[in-house]
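Residue 158 in full-length UniProt numbering sits at position 158 of the sequence shown; the count goes up by one each step and never skips.
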Amino acid sequence: MVSGERKIDLTKARNRRVHSSRNFWAGLLFGAGMFSVLEQSIFHFFLQWHHFYEGNGPQAIWTGEGIYQLVGWALTVLSMGVAADLARRKSFWPARFLGSAVIGGGVLLAVDSLVFRLLLNLHAVRTTGDPVFYESLWLGTAVFLVLLGWSILRNASKEGD
1 MVSGERKIDL TKARNRRVHS SRNFWAGLLF GAGMFSVLEQ SIFHFFLQWH HFYEGNGPQA
61 IWTGEGIYQL VGWALTVLSM GVAADLARRK SFWPARFLGS AVIGGGVLLA VDSLVFRLLL
121 NLHAVRTTGD PVFYESLWLG TAVFLVLLGW SILRNASKEG D
């Protein structure tokens, strides 16, 4: 082997290609789950800007928070199970997983904004200040994350890493 050449494990490369979509979906679920847990921890609990459901008293608020937290953790644990199975099969593709995880976070923020806030009107990003500013910032972050994840995926496919 010439100095500087990368030894390519053809079995691993083939396995990654065969399980490419499982890597993508595992990462997407992981990103959505982790971003939901982080978003809830930061914006719901620490900053107390809003809750998942703001209505019908404290019992409804905390029930909504519990369901949101449960779904976030369930997605995260499920995706880690799939990732562990991929690693066992020697087909885990870290760059593809990371890129789709970033996309999953962006999709979560977009769904939160477009469905839960604008369509269903369950809560607002922040009840004080300019709501258009906060909503635009939220959606802008979602678009940025989707584009960043797509870029990571594109580069991972080109390099095979």
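Beta carbons: idealized from backbone N, C-alpha and C, even for Gly.
Let me know the secondary structure DSSP gives residue i once reduced to three states.
{"i": "GLN40", "result": "helix"}
{"i": "VAL146", "result": "helix"}
{"i": "PHE92", "result": "coil"}
{"i": "ARG126", "result": "coil"}
{"i": "TRP49", "result": "coil"}
With C-beta atoms as the reference, is residue i less than 8 Å away from residue j?
{"i": "GLY31", "j": "ALA101", "result": "yes"}
{"i": "GLY149", "j": "GLY106", "result": "yes"}
{"i": "GLY104", "j": "LEU38", "result": "no"}
{"i": "GLN69", "j": "GLN40", "result": "yes"}
{"i": "ALA26", "j": "GLY99", "result": "no"}
{"i": "MET34", "j": "THR76", "result": "yes"}
{"i": "residue 162", "j": "TRP49", "result": "Residue 162 is absent from the model: the chain starts at 1 and stops at 161."}
{"i": "LEU153", "j": "SER36", "result": "no"}
{"i": "SER91", "j": "VAL18", "result": "yes"}
Where do the ends of the alpha helix (DSSP H) carrying residue i lie?
{"i": "ASP85", "result": "57-88"}
{"i": "ARG117", "result": "First-last for ARG117: undefined, no H or E at that position."}
The region 71-82 touching the region 20-28, judged by at least three CB pairs closer than 8 Å: Between the region 71-82 and the region 20-28 there are three or more C-beta pairs closer than 8 Å, enough to call the two in contact.
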